[in-house]
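Participant: Right, I'll just put the structure down here and ask away after.
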Amino acid sequence: MARIFRLLPLVLAAIASAVTGVVSATQWTVDNSPNSPGQYTSLQDAIDNAASWDTLLITGTNITYGTVVISQPITLIGAGYNPNALETIVDQLTLLSSDVFISGLHGGILFDLENADGDTLANITITRCRLENPGINFYASSQAGAGRLIDIDIYNNVIGQFGFNGCFTQNQMRFDSLLFANNIASRFTLSGGCVPQFQGTETFIIDHNLFIGYSGACTIGVDQLCGIFSDQFGNSAWTNSSAILSNNIFHLQSNGGIRGCGNCTWFNNITTTTGGGNDSIPGTPLGNENQWSIDPASVLVNYAGGVFDWGHDYSLQVASTAINAASDGSDIGISGGQHPYVIGAPPHGPVIEYFNVDGSAIEINGDVIINFRAYGR
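Each residue of the sequence shown is one higher than the one before, counting from 53 in our numbering.
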C-alpha cells in the first residue's frame, strides 16, 4: 500500500494543475493524520521548503496544524468548513509576505505589517475560511508612511472578529484597496485603546456582508468593544469618507448597536433592532438609501445573532426589503454582489469522487492499477 500513498499526491497535483486562477508552480500535499500522511506532515515545514508561488493542498483532519508563518508568495488550500466534515485547523497563520492566496482554513490570520518586507502586504486573497478565534487581525507599522495594505480581498468567510492592533507612536495603516465583502462577521475591534492613523480615501470597502452583532455584555461608554464597531473605529482619526459601507445587513445583538464609524460613507445598508440594539452613528454619516431599525423578523429567516451557528438560517425572507435593493440591483447582504455567499461551500481545488485499487495482491515490482474519477472544482 505504500506505493499507492506515494501515487496519491501525484493524482492530486495533476488535478490541481487544472484549477485555473488558483494554483500554480509545484503542488504539495500536507496531512498531519497518523494513518495517511501527505508529502509533509508539518504545515510549517511544507511552507518553509516550498518555492515561491507553490501550492499546498492541506488535508482536513480536525487535528490542528499549529501556528505557522508565511514569508513568501504561496497558495494554501484547505478542506473548508462543514459541520459534517473534517476541517483544516490552523491556530494562527501570520502573513509576512505579499502575493498569498488562502482558502478553506479554520482558525485565525494575522497581517503583520510591522514585520513584513517594506511594512507592506499586497495582493492577498482570503476566501471560504472560518476565522472565529482569533479571527482576522491587522498589526500596524511603527514606521511613518508605512503599513500599506494593497489589493486585499476578504470574501465568503465566517469571521468572529476583524481587529486592528499595535500601539506604536506612528501606528500606521494605509489602505489602497481593502475589500471586505460577502462575509458573515461579528464585529470590528481596536485593541488597547489604539487610534491608528488610517490613511486612504474610499479605499476600504465593506460591501454585502451580514454582521450578526456582538453577543457579549457591555456598558456603553465603559467597555471599548461594545457594538459591531468599537467606539474608536472610523472616528475623527480617519480621513473623511475613508471607508465605504454599502449593501450590508447589521443585526444588532447587544446594547452597543453599531457604534462608531461616523466618519464613514453609508449607503444601501439595513440595520435591524432586537429591542436593546442601538443603531445610532456619531455625527451625520454620508450616503443614502439606508434602511434603519427594521424588524429583523422581516429581513432574515432566522434572525438570532451574536455567534455563527449552523442551526441558523441566514437567507432572506421571501418579502424582505433587502431583495434587489442593493446599489448594484442585487440583494442587500451576503446573497448579492460579486461574490454571493453559499455558507459552507468547499474551496476551489481538486476533488476525488471515486478511488479503487484493482487486485488484492501485487507482485514485487509489479504494476498497480488504480481507477479513479476526479475533477477540479
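Cβ atoms here follow ideal geometry from the backbone N, Cα and C, with glycine treated the same way.
Quick check on the DSSP output: the alpha helix (DSSP H) that includes D97 runs from which residue to which?
Facilitator: First-last of the alpha helix (DSSP H) with D97: 95-101.
Participant: Identify every residue that forms a DSSP beta bridge with F163.
Facilitator: L147, F190, per the DSSP bridge assignment.
Participant: Using a 10 Å radius around the Cβ and a threshold of 16 neighbouring Cβ atoms, would you call P398 buried or exposed?
Facilitator: Burial call: buried.
Participant: Are S431 and P125 touching if we call contact CB-CB under 8 Å?
Facilitator: With the chain represented from 53 up to 429, any question about residue 431 goes unanswered, as that position is not in the structure.
Participant: Hey, is the stretch 371-378 in contact with the stretch 142-157, meaning 3+ C-beta pairs nearer than 8 Å?
Facilitator: With a cut-off of 8 Å, the stretch 142-157 and the stretch 371-378 do not count as touching, because too few Cβ pairs lie within range.
Participant: Pick helix, strand or coil for G215, following the three-state DSSP scheme.
Facilitator: Three-state result, G215: strand.
Participant: May I ask you to report which of helix, strand or coil DSSP gives V75?
Facilitator: In this prediction, V75 has a pLDDT of 47, which is less than 50 and means its spatial position is unreliable; nothing more can be read from the coordinates.
Participant: Does DSSP put T221 in a helix, in a strand, or in coil?
Facilitator: Residue confidence for T221 is low, a pLDDT of 47 falling below 50, so the modelled location carries little weight; the figure read from the coordinates is stated next. Reduced to three states, the DSSP call for T221 is coil.
Participant: Closest to W80 by CA distance: which of N321, Q96, A349, A102 is it?
Facilitator: Closest by alpha carbon: A102.
Participant: Whole angstroms are fine: how far does the CA of A196 sit from the CA of I110?
Facilitator: Each residue's alpha carbon lies about 38 Å from the other.
Participant: Apart from the five residues on each side of it in sequence, which residues of its chain come closer than 7 Å, Cβ to Cβ, to G73?
Facilitator: Caution is warranted here: a pLDDT of 48 is assigned to G73, below 50, making its placement in the model unreliable, and the coordinate value is therefore given only provisionally. Around G73: no qualifying Cβ.
Participant: Measure the beta-carbon distance from A174 to I206 and round it to whole angstroms, keeping in mind my assumption that it falls under 8 Å.
Facilitator: With 8 Å as the limit, A174 and I206 do not qualify as a contact, their Cβ atoms being about 14 Å apart.
Participant: From the DSSP output, in three-state form, read off S345 for me.
Facilitator: Strand at S345.
Participant: Let me make sure I understand the geometry here. Which of T177, S85, D106 has the alpha-carbon closest to that of E139?
Facilitator: Comparing Cα-Cα distances from E139 to each of T177, S85, D106, the minimum goes to S85.
Participant: Return the residue from the list I211, G170, L352, S194 that minimises the CA-CA distance to G187.
Facilitator: Selected option, being the one with the closest Cα: I211.
Participant: Would you decide whether N320 is buried or exposed? Buried here means 16 or more other CB atoms lie within 10 Å of its CB.
Facilitator: Counting Cβ neighbours within 10 Å, N320 comes out buried, since at least 16 surround it.
Participant: Determine the closest residue to I99 out of N87, V82, I115, with distance taken between C-alpha atoms.
Facilitator: Checking every option, the nearest Cα to that of I99 belongs to V82.
Participant: In whole angstroms, give me the CA-to-CA distance for F214 and G388.
Facilitator: Cα-Cα distance, rounded: 21 Å.
Participant: Write down the C-beta distance between R180 and N208 rounded to the nearest angstrom, noting that I regard them as a contact closer than 8 Å.
Facilitator: Right, the Cβ-Cβ distance comes to about 5 Å (below 8 Å), so this counts as a contact.
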